[in-house]
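K.L.:
Sequence lines, in order, name chains A and B.
Using my numbering, you'd call the opening residue of the first sequence number 760 and step up by one each time.
Using my numbering, you'd call the opening residue of the second sequence number 4 and step up by one each time.
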Amino acid sequence: MLPTSAISGELPRRGSSGRLADLLLRKQHSVRALKEDIMSSHNPLRILLIDKDPERASQVCEALRHEGHEVIRQRPDASGLTAAVAKDQPDMVIIDMDSPDRDTLENMSTLNTHAPRPIVFSANEPCDRATMHAAVKAGVSAYVVDGIQPERVRSIIDSAVVQFESFQALRTELEETRTALEDRKVIEKAKGLIMRHEKCDEEAAHRMLRSAAMEHSERLAVMARRVIQVTEGKDRQGAGSIQRAC
Amino acid sequence: MVNPTPLHKHSGFHVKLGFVPLLDSAPLIVARELGLFDAEGLEVELIREESWASLRDKVSFGLVDGGHMLAPMPLNMSLAEGRPRVPIIVGMVLSRNGNGITLNNTIYNHLIMSGAEPDDPIATAAALVQLAHSRGEPIRLASVSPWSCHDLQLRDWLATAGPDAQSQVQIIPVSPVQMADAFRAEAVEGCCVGEPWNSLLEYEQLGRILHSGHQIWQNAAEKVLGMRADWTEQHATMHRHLIRALLAACQWLDNDYNHGLLREILARPEYLGERINALDSHPYSLFHPRLHQHFFRHSANFPWVSQGHWLASRLASRQQLGRVTGDMVRQVFRPDLFRDAAASMGIDTPVIDSKTEGRHQKPFTLSGRYGPVRVASDRLLGEQLHDWKAEAAD
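Structure follows, in structure tokens:
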């Protein structure tokens, strides 16, 4: 905060030191005021981070600390979020969208005028719609107390969104690799079954599977699963044909 | 029961609906599992949300088209002041009742010992405030989400004890999944939540249900189908099909014989999960008889404009909305849309859109388009009357 004298431009009381000293003093004041002004916009914000995914929370935490903010990580317990917010008095709360605690925060903001408010509906619109859309899509939600500069809020949201997105991308990639591996195993198994039942070679089995998949406009792996299902059923019942499955 | 990989992809009109895993999200889940959406040519993607705030945000930013909503929520989204409005259309009510006021065993026993008639909410509210006075410390009650019937009913109940209640009862926000822990740690001494949470608190012997929401506002609209207004304008026919599918699901849900299968479906991890199985050994099975939760009977699905206005007036009393006129409510609650969808299924509906809320102590009969229609009672705590015409004068 600026000292009141700096805001009002009030001069120190004139004394015996004369006009020059006054001017000097005045200048010193304005320099100090300017310095304080710069400092205040870089004051660390207290951010309460709630994310049930510990790895992602570490990433977000690191990124925000790197930007000079103070981050408090919280795993809500029985004493509840209300107590945590009252104790830590954060300027901002970043919370993952899948947390049931979001309703608790919403409720706090209706009960207590000092509690952080949902940023999507903040009255002074600290964020543009595009930023908010990206946040909702990435699963980041944020609550902020009144009076924090919009640019700072936006930059914090942007960093959190980047971390959430990169984490999601990594997870999707992992999932895709796992599925691809699984698919390959299933296709191999189905080909083996076809070879055994139809007494053909691997190439013919592959052709059969592929043409069946094309005919049903299904993925190869989906078709392979069907073949396995039907063939295994057939082994139990001892009737039907693998061609029916295809 | 396993969810089989569908052999044939259903092609249909794609709709994304959000839901919060509560007992009253059953209409959406059932409509999907019984193929009722398919039958209407809809391919519905159900997206589970852990909080109402997330559902609201996803609807606001177009990531879902609509979904299962707390009845006051569409009013709050559509008519808010001082922040961006998101117009929502309520084409049907999904469920009525189902909330409970549950107190921990100590407070519950104190109230009973004090001689207050446990079935009389006005007497118990007074006794609760008296108890706070005598122990010299406020009673701590939990409320779940703002702009919910739970929150508004809890406050209406406490308000009957006079202005003193405000200082003698402290209301703390707690999420339902943490309620049992909060009871155990004595961080809260009671709460007002939806099912299955009251039953689960009783089941774990952490508390007793003192009152049902039904005793505060009889047969109040609890959850509604809320769709983004621009979606309903662009897809009016699909909206009608959606209402038809959900209406069929609600009808199925009111039949006790289906509750065994319903429990199996709800217990799947993608819906409510295993915790619902605790209700298996509960003597009442899935639906607690004291809570009068229902989905179809007595014109349960009809979105009364007067009930919308009642909810808006309660929100206004909590400074969550400004003054709301009848025309404003009519933009949100749309009995006309419901009437058409219901008629196409041979289900009759009242010809009027509004009634005096609080006047009817018993189920009563109104004229429908084709004959008489039964409508549920609507008593309000303290014999209040919400004279819609006088209150909603534009």
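Ideal placement from N, C-alpha and C gives every residue a C-beta, glycine not left out.
Keep in mind the model is a prediction, meaning the values are calculated, not measured.
Can a CB atom of chain A be found closer than 8 Å to the CB of residue 2 (chain B)?
P.N.:
Here chain B covers residues 4 to 397 and nothing more, so residue 2 (chain B) does not appear.
K.L.:
Taking only beta-carbon positions, decide if residue 875 (chain A) is within less than 8 Å of chain B.
P.N.:
No, no contact with chain B.
K.L.:
What in chain B is Cβ-close to residue 859 (chain A), meaning under 8 Å?
P.N.:
Chain B residues near residue 859 (chain A): 53, 54, 178, 179, 180 and 181.
K.L.:
Under the three-state reduction of DSSP, which class applies to residue 907 (chain A): helix, strand or coil?
P.N.:
DSSP places residue 907 (chain A) in coil when its eight states are reduced to three.
K.L.:
Answer yes or no: does any C-beta atom of chain A fall closer than 8 Å to that of residue 315 (chain B)?
P.N.:
No, residue 315 (chain B) lies away from the interface with chain A (no Cβ there is under 8 Å from its Cβ).
K.L.:
Assuming residue 367 (chain B) and residue 378 (chain B) make a contact with CB atoms under 8 Å, what is their CB distance in whole Å?
P.N.:
At roughly 6 Å, the Cβ-Cβ gap stays under 8 Å, so residue 367 (chain B) and residue 378 (chain B) are in contact.
K.L.:
With a threshold of 8 Å between beta-carbons, can residue 882 (chain A) be considered close to chain B, or not?
P.N.:
Only weak support exists for where residue 882 (chain A) lies, its pLDDT of 46 falling under 50; the coordinates are left without a value.
K.L.:
What are the boundary residues of the beta strand (DSSP E) that residue 364 (chain B) is part of?
P.N.:
First-last for residue 364 (chain B): undefined, no H or E at that position.
K.L.:
Determine whether the Cβ of residue 904 (chain A) lies closer than 8 Å to any Cβ atom of chain B.
P.N.:
Cβ-Cβ to chain B under 8 Å: no for residue 904 (chain A).
K.L.:
Any beta carbon of chain B sitting closer than 8 Å to that of residue 841 (chain A)?
P.N.:
It does: the Cβ of residue 841 (chain A) has a partner Cβ on chain B nearer than 8 Å.
K.L.:
Starting from residue 353 (chain B), find everything on chain A with Cβ-Cβ shorter than 9 Å and list it in chain order.
P.N.:
Near residue 353 (chain B) there are no residues of chain A at all, since even the closest Cβ is about 34 Å away, more than 9 Å.
K.L.:
Does residue 798 (chain A) have its Cβ less than 8 Å from a Cβ in chain B?
P.N.:
At residue 798 (chain A), the pLDDT of 47 sits below 50, so the modelled position is not reliable; the number obtained from the coordinates is stated separately. Not one chain B Cβ lies under 8 Å of residue 798 (chain A).
K.L.:
Taking three-plus beta-carbon pairs below 8 Å as touching, is the stretch 49-62 of chain B in contact with the stretch 98-111 of chain B?
P.N.:
Short answer: they don't touch.
K.L.:
How many angstroms separate the CA atom of residue 804 (chain A) from the CA atom of residue 829 (chain A)?
P.N.:
If I take the Cα positions, the gap works out to 6 Å.
K.L.:
Considering only their Cβ atoms, is the gap separating residue 268 (chain B) from residue 36 (chain B) smaller than 8 Å?
P.N.:
The answer is yes: Cβ separation under 8 Å.
K.L.:
Taking the beta strand (DSSP E) that residue 61 (chain B) belongs to, which residues open and close that run?
P.N.:
Residue 61 (chain B) -> not in any beta strand (DSSP E); alpha helix (DSSP H) instead, spanning 55-63.
K.L.:
Does the distance from the CB of residue 875 (chain A) to the CB of residue 865 (chain A) come in under 8 Å?
P.N.:
Contact: no.
K.L.:
On the DSSP letters alone, give me the boundaries of the beta strand (DSSP E) that residue 173 (chain B) sits inside.
P.N.:
Its beta strand (DSSP E) spans residues 172-176.
K.L.:
Taking residue 299 (chain B) and residue 264 (chain B) to be in contact with their CB atoms under 8 Å, please state how far apart those CB atoms are, rounded to whole angstroms.
P.N.:
With a Cβ gap of about 17 Å, residue 299 (chain B) and residue 264 (chain B) do not count as contacting.
K.L.:
Going by the CB atoms, is the gap between residue 915 (chain A) and residue 806 (chain A) shorter than 8 Å?
P.N.:
Yes, these two residues count as a Cβ contact at 8 Å.
K.L.:
Let me see if you follow: with CB-CB separation under 8 Å, is residue 107 (chain B) close to chain A or not?
P.N.:
It does not: the Cβ of residue 107 (chain B) has no partner Cβ on chain A nearer than 8 Å.
K.L.:
Report the residue from A:888, A:851, A:898 and A:979 whose alpha carbon sits nearest the alpha carbon of residue 921 (chain A).
P.N.:
Taking only the C-alpha atoms, the option nearest residue 921 (chain A) is A:898.
K.L.:
Residue 940 (chain A): buried (16+ other C-beta within 10 angstroms of its C-beta) or exposed?
P.N.:
By the neighbour-count rule (16 or more Cβ atoms within 10 Å), residue 940 (chain A) is not buried but exposed.
K.L.:
Taking a Cβ distance cut-off of 8 Å, strictly less, list which residues of the stretch 179-207 of chain B are near chain A, in chain order.
P.N.:
Within the stretch 179-207 of chain B, the residues whose Cβ lies closer than 8 Å to some Cβ of chain A are 179, 180, 181, 184, 185, 187, 188 and 190, listed in chain order.
K.L.:
If you follow the alpha helix (DSSP H) that residue 108 (chain B) is in, where does it begin and where does it stop?
P.N.:
Residues 108-116.
K.L.:
I'd like the list of long-range same chain contacts for residue 117 (chain B), defined as Cβ closer than 6 Å, with 5 residues on each side in sequence excluded.
P.N.:
Counting only Cβ-Cβ distances below 6 Å, and skipping sequence neighbours, we find 130.
K.L.:
Please report the straight-line C-alpha distance between residue 998 (chain A) and residue 207 (chain B), rounded to a whole angstrom.
P.N.:
Caution is warranted here: a pLDDT of 41 is assigned to residue 998 (chain A), below 50, making its placement in the model unreliable, and no coordinate value can be reported.
K.L.:
Below 7 Å CB to CB, which residues in the same chain sit around residue 16 (chain B) once its five sequence neighbours on both sides are set aside?
P.N.:
If we look at residue 16 (chain B) and ignore the five residues flanking it on each side, its Cβ neighbours are 44, 45, 46 and 241.
K.L.:
Flag this pair as touching only if the stretch 188-206 of chain B and the stretch 21-29 of chain B have three or more C-beta atom pairs under 8 Å; answer yes or no.
P.N.:
The answer is yes - the stretch 21-29 of chain B touches the stretch 188-206 of chain B, with three or more Cβ pairs under 8 Å.
K.L.:
So residue 961 (chain A) and residue 954 (chain A) are supposed to be a Cβ contact under 8 Å. How far apart are they, rounded?
P.N.:
Sure, about 6 Å apart at Cβ, within 8 Å.
K.L.:
If you follow the alpha helix (DSSP H) that residue 158 (chain B) is part of, which residue opens it and which one closes it?
P.N.:
Segment 152-162, the alpha helix (DSSP H) holding residue 158 (chain B).
K.L.:
Distance check for residue 185 (chain B) and residue 929 (chain A), CA to CA, integer angstroms please.
P.N.:
The alpha-carbon atoms of residue 929 (chain A) and residue 185 (chain B) are separated by roughly 36 Å.
K.L.:
Secondary structure at residue 77 (chain B), three-state DSSP: helix, strand or coil?
P.N.:
Of the three classes helix, strand and coil, the one that applies to residue 77 (chain B) here is helix, per DSSP.
K.L.:
Give a yes or no on contact between the stretch 155-172 of chain B and the stretch 212-221 of chain B, applying the rule of three or more CB pairs nearer than 8 Å.
P.N.:
At 8 Å Cβ cutoff, the stretches touch.
K.L.:
Could you tell me which chain A residues have their CB closer than 7 Å to the CB of residue 78 (chain B), listed as they occur along the chain?
P.N.:
The premise fails here: residue 78 (chain B) is roughly 15 Å from chain A at the closest Cβ pair, so nothing lies under 7 Å.
K.L.:
Please say whether residue 93 (chain B) and residue 337 (chain B) have beta carbons closer to each other than 8 Å?
P.N.:
Going by C-beta atoms, residue 337 (chain B) is nearer than 8 Å to residue 93 (chain B).
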